[in-house]
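A.B. asks:
2 protein chains.
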Amino acid sequence: MGTKKLGTQTVALAHPPSIMGHGNVVGKKEGEGPLKETFDYIDKDDTFGQSSWEKAEAQMQKQALTCALDKAGQTVSGLDFLFAGDLLNQCISSSYAARGQEVSFFGLYGACSTMGEGLALAAMTLDGGFGRWTAAVASSHFCSAERQYRNPLEYGSQRTPTAQWTVTGSGAVVLGKDGPGPYITHCTIGRIVDKGITDANNMGAAMTPAAVETLKTHFQDTGRSPGYYDLIVTGDLGVLGSELLVELLGQEGYDIGGNHTDCGKLIFDLEGQDVHCGGSGCGCSASVLTGYLLDGMKQGRWNNILFCPTGALHSPTATMQGESIPGICHAVAISRER
Amino acid sequence: MGTKKLGTQTVALAHPPSIMGHGNVVGKKEGEGPLKETFDYIDKDDTFGQSSWEKAEAQMQKQALTCALDKAGQTVSGLDFLFAGDLLNQCISSSYAARGQEVSFFGLYGACSTMGEGLALAAMTLDGGFGRWTAAVASSHFCSAERQYRNPLEYGSQRTPTAQWTVTGSGAVVLGKDGPGPYITHCTIGRIVDKGITDANNMGAAMTPAAVETLKTHFQDTGRSPGYYDLIVTGDLGVLGSELLVELLGQEGYDIGGNHTDCGKLIFDLEGQDVHCGGSGCGCSASVLTGYLLDGMKQGRWNNILFCPTGALHSPTATMQGESIPGICHAVAISRER
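Chains A and B are the protein sequences, given in the same order.
In case it helps, this note's numbering puts the first sequence at residues 54 to 391.
In case it helps, this note's numbering puts the second sequence at residues 54 to 391.
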């Protein structure tokens, strides 16, 4: 068998897997935003019926996966593998959500890029011949993230203008070896890029260089131009990071100004919801993909999307030790045609 | 293409990838233990020349991978993918080790099972046709783990008799699509099992049920009996967990008493090094595999090994919220013959 590798970082799936089901759940604030019609479940108080924010987040992953499986007409024990990740220390949302479930489990850590990492591996294992059904799920919760990464909510700390708002949301995608699509056709797996940004309240700037590198590589590896895609959607660069991305890619000769958008900009009303630079968190790109984007593809609004979630791979400990923030971005090409 | 899946959880690689290089680094205590001759580098004070324990751990991963690549005659930019994980919050050892390196990066979280998870994915992506070279690396550091999971070292807290000692170590394996072996032939991907153990100082007991399930499934899926393997090596169940494993598998009709051992028991002198139930941490199974086990296979001491690292997927937050400890175990069959 020859290699399915294009160029340095991109795999071209020989038999592109089909997205068979997608589901999501979000919190109250997300459910009041511009994408409210695209969510399968909106919780009224962000607890999801649980006694802690961490338990709520595990519950969110369970519900999102169940919803995606229902739409696919599949059960969790019918999955060959589940790929899951989140932002919490030791990825407990994912592990506790999958605890006791009859499914082979791969735990991932890719920060807010997790949905891209999971989708890529879920697609590659199917295309590699290792099964017929896989799924990827990712989540974040504003309240579990804030107290872990920043300050307890009770402090009421002021947020800086460059800050983004961690999305309370989870999204799941179920893939099948064959089906009506949309299909995952290419995955460009990112490298870890660090341009020396040390401000943990400016994630957009920290992650943008990784997005620039991955997008440039994707275009080079595939021979595609930005115009091939109806939509190029980054994970959660937010307002500031998105501006930087368009500018930096423009300097490299790639004009994405006309068809770029960002999950962090889409999920909230940037004027009315007081979120500063937009949304962030694993659940941001995961819930936008599994609602607005995939619904839109099925409705024929877009034929080709390049989904590019970005992650900031630091930790509070690393920041306190004076480290800069490494970023990563994976690009997953999704098409209505095989 | 047909599926390479055997039974419910096992993949049989059609063209088993070859282990082309393996390397490891450990700390002072590990370098004074019974496996001292099998380590490539032993640090004299566990700092690895760095200013913090977390930075030391990132440095360890870098060194272990470089060592494995050197032995394989390969460079990091020659790798199609790197799979890496560790125990620290947000897996910073892995991210900071791979920062700026020219390699597509998949971050994993599997706690102490990480080397099994990484090896499986590294082998599956090669067998799936997605490249020619991959690598898996994992690490843990006694000092970074203790202050994160338990207490600052300066407190001098007493350890319970069931406790294990987090290994300061990192191991890396470089796989090639073709080569002289040993080969990775089968991978049984574990499910998350939780039998209600809540004592975070008794990891062996918490992880053993997952090892029982994965081993039983491996034997059922492959049709192999325990005697097929010269050695069945669990990750870090330690003394207590190992006893439990042999007993529980015996009750299921699988006698592994004659050929079972455990990385947590092998790495330290259980009488002389005051480690209570033995070693633990991602670096435990990773450094035992990449020294003692793979060296032994190359020397012809063993032809078939079943490498089964186990992970406890809890966090201090989950424990403080009263949660029990979910475990996972992946089994990777390594053979001198293809």
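For every residue, glycine included, the Cβ atom is placed at its ideal position computed from N, Cα and C.
1) How long is the line joining the alpha carbons of Phe360 (chain B) and Phe272 (chain B), rounded to whole angstroms?
2) Anyone know if the C-beta pair for Asp93 (chain A) and Gly80 (chain A) falls short of 7 Å?
3) Please name the residue, chosen from A:Cys330, A:Ile378, A:Ile381, that lies closest to Ile320 (chain A) on a Cα-to-Cα basis.
4) Starting from the beta carbon of Ile250 (chain A), find every residue of chain B whose beta carbon is closer than 7 Å, and list them in chain order.
5) I'd like to check one pair, Leu228 (chain A) with Ala191 (chain A): are the Cβ atoms closer than 7 Å?
6) Suppose contacts are defined by Cβ-Cβ distances below 7 Å. Is Asn77 (chain B) in contact with Ala117 (chain B) by that definition?
7) Could you pull the DSSP bridge partners for Ser295 (chain A) from this structure?
8) What whole-angstrom Cβ distance do Cys240 (chain B) and Thr63 (chain B) have, given they're in contact under 8 Å?
9) Decide yes or no for the touch test of the stretch 140-155 of chain B against the stretch 242-251 of chain B: beta carbon pairs closer than 8 Å, at least 3 of them.
10) On a Cα-Cα basis, can you pick out the residue from A:Thr370, A:Ile381, A:Leu342 that is closest to Ile387 (chain A)?
11) DSSP three-state call for Phe158 (chain B): helix, strand or coil?
12) Assuming contact is defined by CB atoms lying nearer than 7 Å, are Ala46 (chain A) and Val226 (chain A) in contact in what I supplied?
13) Which full runs of the beta strand (DSSP E) of 3+ residues lie inside the stretch 343-382 of chain A, going along the chain?
14) By the criterion of Cβ-Cβ separation under 8 Å, what are the contact partners of Ala371 (chain A) in chain B?
15) What does a CB cutoff of less than 7 Å around Pro369 (chain A) pick up in its chain, not counting 5 residues either side in sequence?
16) Give me the DSSP bridge partner(s) of Ser193 (chain A).
17) Spell out the partners DSSP gives Asp289 (chain B) in its beta bridges.
18) According to DSSP, Val385 (chain B) sits in a beta bridge with which residue or residues?
19) Please classify Met373 (chain A) as buried or exposed, where buried requires at least 16 other C-beta atoms within 10 Å of its C-beta.
20) Let's see if you can read the secondary structure: which residues bound the alpha helix (DSSP H) around His329 (chain B)?
21) Using a C-beta cutoff of 7 Å, does Val64 (chain B) count as contacting chain A?
22) At a CB-CB cut-off below 9 Å, which residues of chain B make contact with Ala125 (chain A)?
23) Which partner residues of Tyr94 (chain B) appear in the DSSP bridge assignment?
24) With Val64 (chain B) as the anchor, note down where its beta strand (DSSP E) starts and where it stops.
25) Output yes or no for whether 7 Å exceeds the beta carbon distance between Ser338 (chain B) and Gly257 (chain B).
26) Measuring only the C-alpha atoms, how far is Arg354 (chain B) from Tyr281 (chain B)?
27) Does chain B have any CB closer than 7 Å to the CB of Ser71 (chain A)?
28) Would you say Tyr236 (chain B) lies against chain A (beta-carbon separation less than 7 Å)?
29) How long is the line joining the alpha carbons of Phe159 (chain B) and Leu293 (chain B), rounded to whole angstroms?
30) Starting from Gly184 (chain B), find everything on chain A with Cβ-Cβ shorter than 9 Å and list it in chain order.
31) If we count Cβ pairs, one from each stretch, closer than 8 Å, do we get three or more for the stretch 177-189 of chain B versus the stretch 170-186 of chain A?
32) Under 9 Å, CB to CB, which of the residues in the stretch 152-167 of chain B have a partner in chain A?
C.D. replies: Reading from the atomic positions:
1) Counted from its first residue, the second sequence places residue 360 (chain B) at position 307. Counted from its first residue, the second sequence places residue 272 (chain B) at position 219. One C-alpha to the other measures close to 13 Å.
2) Here the question's residue 93 (chain A) lines up with position 40 in the first sequence. Here the question's residue 80 (chain A) lines up with position 27 in the first sequence. The Cβ-Cβ distance between Asp93 (chain A) and Gly80 (chain A) does not fall below 7 Å.
3) Numbered from its first residue, the first sequence carries residue 320 (chain A) at position 267. Closest option to Ile320 (chain A), Cα to Cα, is A:Cys330.
4) For this step, residue 250 (chain A) is matched to residue 197 along the first sequence. Those do not exist, as Ile250 (chain A) stays about 13 Å from chain B at its closest Cβ, beyond 7 Å.
5) Locating residue 191 (chain A) in the first sequence gives position 138, where the first residue counts as 1. Locating residue 228 (chain A) in the first sequence gives position 175, where the first residue counts as 1. Contact flag unset, no.
6) Position 24 of the second sequence, counting from 1, holds the residue named residue 77 (chain B). Position 64 of the second sequence, counting from 1, holds the residue named residue 117 (chain B). Contact flag set, yes.
7) Here residue 295 (chain A) corresponds to residue number 242 of the first sequence, with the count starting at 1. Ser295 (chain A) pairs with nothing; no bridge assigned.
8) Within the second sequence, residue 240 (chain B) is the residue found at index 187, counting from 1. Within the second sequence, residue 63 (chain B) is the residue found at index 10, counting from 1. Confirmed, Cβ separation roughly 7 Å.
9) Contact fails: fewer than three Cβ-Cβ distances are below 8 Å.
10) Within the first sequence, the letter at position 334 stands for residue 387 (chain A). The candidate whose alpha carbon is nearest that of Ile387 (chain A) is A:Leu342.
11) Counting from 1 along the second sequence, the entry for residue 158 (chain B) is found at position 105. Strand at Phe158 (chain B).
12) As displayed, chain A neither begins before 54 nor continues past 391, which places residue 46 (chain A) out of reach and without an answer.
13) The stretch 343-382 of chain A contains these whole beta strand (DSSP E) runs: 357-361, 363-365, 380-382.
14) On the first sequence, position 318 is the one that residue 371 (chain A) refers to. Here the neighbours are Glu107, Gln143, Ile145, Tyr149.
15) The sequence position of residue 369 (chain A) within the first sequence is 316, counting from 1. In its chain, beyond the 5 residues on either side, Tyr202 have a beta carbon closer than 7 Å to the beta carbon of Pro369 (chain A).
16) To locate residue 193 (chain A), count along the first sequence from 1; it is residue 140. Looking at the DSSP assignment, Ser193 (chain A) forms a beta bridge with A:Gly222.
17) Reading the second sequence from its first residue, position 236 is the one you call residue 289 (chain B). Beta-bridge partners assigned by DSSP to Asp289 (chain B): none are found.
18) Working through the second sequence from its first residue, we reach residue 385 (chain B) at position 332. In the DSSP output, where bridge partners are listed per residue, Val385 (chain B) has B:Cys240, B:Phe360.
19) By 1-based counting over the first sequence, the position of residue 373 (chain A) is 320. When all chains shown are included, Met373 (chain A) counts as exposed.
20) Here residue 329 (chain B) refers to the residue found at position 276 when the second sequence is read from its first residue. Segment: none, His329 (chain B) is in no alpha helix (DSSP H) and carries neither H nor E.
21) Start at 1 with the first residue of the second sequence, and residue 64 (chain B) comes out as number 11. Closer than 7 Å: yes.
22) On the first sequence, residue 125 (chain A) is found 72 positions in, with the first residue counted as 1. Residues of chain B passing the Cβ test: none, with the nearest at roughly 18 Å.
23) The residue given as residue 94 (chain B) occupies position 41 in the second sequence. DSSP lists B:Val78 as partners of Tyr94 (chain B).
24) Position 11 of the second sequence holds residue 64 (chain B). 63-65 is the span of the beta strand (DSSP E), which, as asked, contains Val64 (chain B).
25) To locate residue 338 (chain B), count along the second sequence from 1; it is residue 285. To locate residue 257 (chain B), count along the second sequence from 1; it is residue 204. Result no, Cβ atoms of Ser338 (chain B) and Gly257 (chain B) do not sit closer than 7 Å.
26) Here residue 354 (chain B) corresponds to residue number 301 of the second sequence, with the count starting at 1. Here residue 281 (chain B) corresponds to residue number 228 of the second sequence, with the count starting at 1. In a straight line, the C-alpha of Arg354 (chain B) is about 15 Å away from that of Tyr281 (chain B).
27) Start at 1 with the first residue of the first sequence, and residue 71 (chain A) comes out as number 18. With 7 Å as the cut-off, Ser71 (chain A) does not count as an interface residue toward chain B.
28) Taking the first residue of the second sequence as 1, we reach residue 236 (chain B) at position 183. Not closer than 7 Å to any Cβ of chain A, the Cβ of Tyr236 (chain B) fails to qualify, so no.
29) The sequence position of residue 159 (chain B) within the second sequence is 106, counting from 1. The sequence position of residue 293 (chain B) within the second sequence is 240, counting from 1. Taking the straight line joining both Cα atoms gives about 33 Å.
30) Taking the second sequence and counting its residues from 1, the one referred to as residue 184 (chain B) is at position 131. Here the neighbours are Thr56, Lys57, Lys58, Val64.
31) Output reads yes: the stretch 170-186 of chain A touches the stretch 177-189 of chain B.
32) Cβ contacts with chain A come from Arg152, Gly153, Gln154, Glu155, Val156, Ser157, Phe158, Phe159, Gly160, Leu161, Tyr162, Gly163, Ala164, Ser166, Thr167.
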